[in-house]
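Residue numbers for the sequence shown follow full-length UniProt numbering, so the first one is 1 and each next one is one higher.
Data block below; observations after.
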Amino acid sequence: MQNVYFDNGATTKVLPQIATAMADAMVNNYGNPSSIYRLGQQGKEVLDDARERVAELLTASPKEIIFTGGGSEGDTMLLRGVAQAFSTKGKHIVTTAVEHHAILHTCQQLEKEGFTVTYLPVDEQGLVAPETVEAALTKETILISVMYANNEIGTIMPIKEIGAIARKHGILFHTDAVQAAGHIPIDVQADNIDLLTLTAHKFHGPKGTGAVYIRQGITLKPLIYGGAQEKGLRAGTENTSGILGLGLACSHAVEHMLENRRKITALRNKLIDGIRSNISGVRLNGHQEQRLPNNVNFSISDIEGETLLLLLDLAGIAASSGSACSAGALDPSHVLLAIGLSPELARGSLRLTLSEFTTEEEVDYLLVELPKIVERLRFSQLGIKKIGKVEKDVKLR
Numbered sequence: 001m002q003n004v005y006f007d008n009g010a011t012t013k014v015l016p017q018i019a020t021a022m023a024d025a026m027v028n029n030y031g032n033p034s035s036i037y038r039l040g041q042q043g044k045e046v047l048d049d050a051r052e053r054v055a056e057l058l059t060a061s062p063k064e065i066i067f068t069g070g071g072s073e074g075d076t077m078l079l080r081g082v083a084q085a086f087s088t089k090g091k092h093i094v095t096t097a098v099e100h101h102a103i104l105h106t107c108q109q110l111e112k113e114g115f116t117v118t119y120l121p122v123d124e125q126g127l128v129a130p131e132t133v134e135a136a137l138t139k140e141t142i143l144i145s146v147m148y149a150n151n152e153i154g155t156i157m158p159i160k161e162i163g164a165i166a167r168k169h170g171i172l173f174h175t176d177a178v179q180a181a182g183h184i185p186i187d188v189q190a191d192n193i194d195l196l197t198l199t200a201h202k203f204h205g206p207k208g209t210g211a212v213y214i215r216q217g218i219t220l221k222p223l224i225y226g227g228a229q230e231k232g233l234r235a236g237t238e239n240t241s242g243i244l245g246l247g248l249a250c251s252h253a254v255e256h257m258l259e260n261r262r263k264i265t266a267l268r269n270k271l272i273d274g275i276r277s278n279i280s281g282v283r284l285n286g287h288q289e290q291r292l293p294n295n296v297n298f299s300i301s302d303i304e305g306e307t308l309l310l311l312l313d314l315a316g317i318a319a320s321s322g323s324a325c326s327a328g329a330l331d332p333s334h335v336l337l338a339i340g341l342s343p344e345l346a347r348g349s350l351r352l353t354l355s356e357f358t359t360e361e362e363v364d365y366l367l368v369e370l371p372k373i374v375e376r377l378r379f380s381q382l383g384i385k386k387i388g389k390v391e392k393d394v395k396l397r
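Right, dumping it as structure tokens:
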């Protein structure tokens, strides 16, 4: 049995050279970057260098990069920062129904605090129409937040067009680029982006370290009060080694993005074609072409997602489902429901996400094991249905 990893949308393996550099920094470059002595200033140089590397990934200025503890913190920081800074102008936010919970739950909390939020629908491929965004705007709108690419189904949103609409109406535009950054080219200037969130562990950097882009001239309220770190927007001693890892991951992504996209896209397409050819009753979720290079998401009829994951794990395959297990109850994905799937079909979804470490041999192994597991589950399900029918007939008699 092999051990293969197809859950890179959840987190990725840290590049060995990044882990080595981080370990060295923790031992030898441990000074507080806010201190004026040499060891502290060496830490500040690490931050300055990483800021330049993140900025290069986004085609931004290093002055526009603020370090955070990750994607969820970054989303919360930007949404609440805008809400608090611009509440005298208006209290209306426009977002989509398929955002990450870091956005949705923050918006729901802001609603409890007196803000109004419009959750826009998407089409069956997960796209929000730019004209729908524009139609939702009011004189009270202070922020549009639309994810760059969906974390479940991989659909890439029309970011540039939405950003142009926001710019035309003088409204701030934020995008959660956690799944996109490091995988596809992002140009915050060309895409008319004012605010952006990313995190290192989605592209072979460390967990617990991320960054936000805040266009120069935009003033927000801080999420964490205390010291003056990160321009006063995020108090607390910076995670020097983690930020070093983030910067190195950004540079690696810039240097290898084209070759990795080609390789991973080819493996992704092989997976899609193989699943379609070898398993009946499957539906590809997300846009056929306008999707992340590493994302495959299928709904499989007559299958329960959690059981499928357990059996895949027994076969040495790590994957994820579009369903989330919460408090012992399996709830269908809000994303899959939003694109029109029934709760039953949504519960039978499988997300396979690849990385530069994924091999063709691993794809071949999954394409052998997955059809066997699906067949086994469907056979078991058919047996359960037959037993249930017999019991029902007996009771009717």
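Where a beta carbon is used, it is the ideal one built from N, C-alpha and C, also for glycine.
- Query: Taking DSSP as the reference, what is the three-state secondary structure of SER72?
  - Reply: Indexing the sequence shown from 1 puts residue 72 at position 72. SER72 falls in the helix class under three-state DSSP.
- Task: Give me the Cα-Cα distance between LYS13 and THR265, rounded to the nearest whole angstrom.
- Result: One-based indexing of the sequence shown puts residue 13 at position 13. One-based indexing of the sequence shown puts residue 265 at position 265. Cα to Cα, LYS13 sits roughly 19 Å from THR265.
- Message: Going by the DSSP bridge assignment, what does VAL4 pair with across the sheet?
- Response: Here residue 4 is taken as the residue at index 4 of the sequence shown, counted from 1. Answer is ILE317.
- Unbroken beta strand (DSSP E) run spanning GLY210, endpoints: Stepping through the sequence shown from its first residue, residue 210 is reached at position 210. Unbroken beta strand (DSSP E) run through GLY210: 210-214.
- Does the beta-carbon distance from VAL122 to ILE339 come in below 9 Å? Residue 122 sits at position 122 when you count from the first residue of the sequence shown. Residue 339 sits at position 339 when you count from the first residue of the sequence shown. Contact: yes.
- Query: Can you name the start and end residues of the beta strand (DSSP E) that residue 431 belongs to?
  - Reply: Nothing about residue 431 can be reported from this structure: the residues present for the chain run from 1 to 397 only.
- C-beta contact flag for residue 423 and LEU223 at 9 Å: Outside the displayed range of the chain (1 to 397) lies residue 423, so it cannot be described from this structure.
- Task: Could you pull the start and end residues of the alpha helix (DSSP H) that THR155 belongs to?
- Result: Here residue 155 refers to the residue found at position 155 when the sequence shown is read from its first residue. Note, THR155: premise wrong, no alpha helix (DSSP H); not H, not E.
- Query: Roughly how many angstroms separate the alpha carbons of ALA136 and THR118, rounded to a whole number?
  - Reply: On the sequence shown, residue 136 is found 136 positions in, with the first residue counted as 1. On the sequence shown, residue 118 is found 118 positions in, with the first residue counted as 1. Looking at the two C-alpha atoms, the distance is approximately 7 Å.
- Cβ pair count under 8 Å reaching 3, the stretch 209-217 against the stretch 60-71: yes
- Item | Anticipated Cβ contact below 8 Å, HIS174 with LEU195, distance rounded | The residue labelled residue 174 in the question sits at position 174 within the sequence shown. The residue labelled residue 195 in the question sits at position 195 within the sequence shown. Correct: roughly 4 Å between the Cβ atoms.
- Given ILE272, which residues of its chain have a CB within under 7 Å of its CB, disregarding the five upstream and five downstream residues? Within the sequence shown, numbered from 1, the residue matching residue 272 stands at position 272. LEU284 and VAL296.
- Message: According to DSSP, is PHE298 part of a helix, a strand, or is it coil?
- Response: One-based indexing of the sequence shown puts residue 298 at position 298. Strand at PHE298.
- Item | Own chain partners of SER251 with C-beta closer than 6 Å, once the 5 adjacent residues on each side are dropped | What you label residue 251 is simply residue 251 of the sequence shown in a count that begins at 1. These residues qualify, in order along the chain: ARG53.
- Message: Less than 9 Å between the C-beta atoms of ILE142 and ALA83, yes or no?
- Response: In the sequence shown, counting from the first residue as 1, residue 142 sits at position 142. In the sequence shown, counting from the first residue as 1, residue 83 sits at position 83. Yes, the pair counts as a contact, with Cβ atoms nearer than the cut-off.
- Along the alpha helix (DSSP H) that carries HIS334, what are the first and last residues, could you check? Stepping through the sequence shown from its first residue, residue 334 is reached at position 334. Where HIS334 is concerned, the enclosing alpha helix (DSSP H) stretches over 334-338.
- Between ASN294 and SER355, is the Cβ-Cβ spacing less than 9 Å? In the sequence shown, the residue the question calls residue 294 occupies position 294. In the sequence shown, the residue the question calls residue 355 occupies position 355. Yes, the Cβ-Cβ distance between ASN294 and SER355 is below 9 Å.
- Give the secondary structure of ALA149 by DSSP, where H, G and I count as helix, E and B as strand, and everything else as coil. Here the question's residue 149 lines up with position 149 in the sequence shown. If DSSP states are grouped into helix, strand and coil, ALA149 belongs with the strands.
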